[in-house]
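Mapping of the sequence shown onto full-length UniProt numbering: position 143 corresponds to residue 143, and the numbering continues sequentially without gaps.
What follows is a single structure, written as structure tokens, with notes after it.
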Amino acid sequence: MSKNSSSSSSFASASISASQDYYYASQARFGFYPPYHTSIGLRRLGLEAHGTQVDSVTTVMASNTISISSPYFECGSQSVFSAPPLEQPNEDEDDNDPTGSIHPATPLQAEFRKGGDAHLIREIEALKAKLEELETDCNELSDENLELLLKIKETNGGIAELEAEVTIVVNELAQKRTDIQTLETTMQSKEVEIMELRLNRSKLEVKCKSLRREITELQATNETLIEECNSIKQLAEELRKEKSQLEEHCANPEDKLRGFYITDTV
């Protein structure tokens, strides 16, 4: 029982062991095949349930053929495995054998057969599930590709519009740069003019100060001249008075002489 349980667990493991090959080969020599026939050279080609990849696996089960394609499996140049044809039993032997079996299966053979078939069925179901997942993923990727193509077409049209807008903006920027350079040149010339005007203003301020001093001096001179003019006017008035007085004295000669004598004596 320990050997049978170890053989059964080996069928449920990740790879098909050499004991399976030997078992199926020995059964084939006697013309006996399990209910589900499959190739016995899987392990010789390097197939392992965990890690090795096979492009296509064909399993013949009784009269039905199931083909499974998956990117998770790969076996090189040979991808289709089939079981050898069933040998037709001898009718005479069937008549003699009340059980109807050419070679009755031992309990060990039945356990081997049951474990191997269950393992293969599980692998086939897993492969079918993976195939469905891959088909779903492929459909989703196809839809995504179509959406991306539509987006790319829309983007190409939008890119042309954006390129035209970018060209317009670039031209506007170039014009603005030219205007800025022109304004900078004008501003520099205006700054030079402003410096000249400031220098002229400084000179004019100095000249204004000197003129203010001259005006002050002229005002003082004018006042002095006005005072002198007033004094001259007063002197002229006095002389005019004296002249009138002398004219009065000259009108009478005696008075003139008397007055002259008096003046001399004094």
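The beta-carbon is built from N, C-alpha and C at its ideal position, and this holds for glycine as well.
Quick caveat, the model's predicted, so the values are computed rather than measured.
Classification of residue i by the beta-carbon crowding that lies within 10 angstroms, buried from 16 upward
i    : result
L148 : exposed
L120 : buried
L127 : buried
N90  : Note that N90 scores 48 on pLDDT, short of 50, meaning its location in the model is unreliable and no value can be drawn from it.
Close beta carbons around residue i, own chain, < 7 Å, minus the five adjacent residues each side
i    : result
Q181 : none
Residues of its chain near residue i, where Cβ-Cβ distance is below 6 Å and the 5 sequence neighbours each way are ignored
i    : result
A236 : none
L173 : none
C229 : none
G51  : Bear in mind that the predicted position of G51 carries a pLDDT of just 38, short of 50, making it too unreliable to give a figure here.
L225 : none
Check: residue i C-beta below 7 Å from any heavy atom of the ligand HEM
i    : result
E217 : No copy of the ligand HEM appears in this structure; indeed no ligand is present at all.
Close beta carbons around residue i, own chain, < 8 Å, minus the five adjacent residues each side
i    : result
R213 : none
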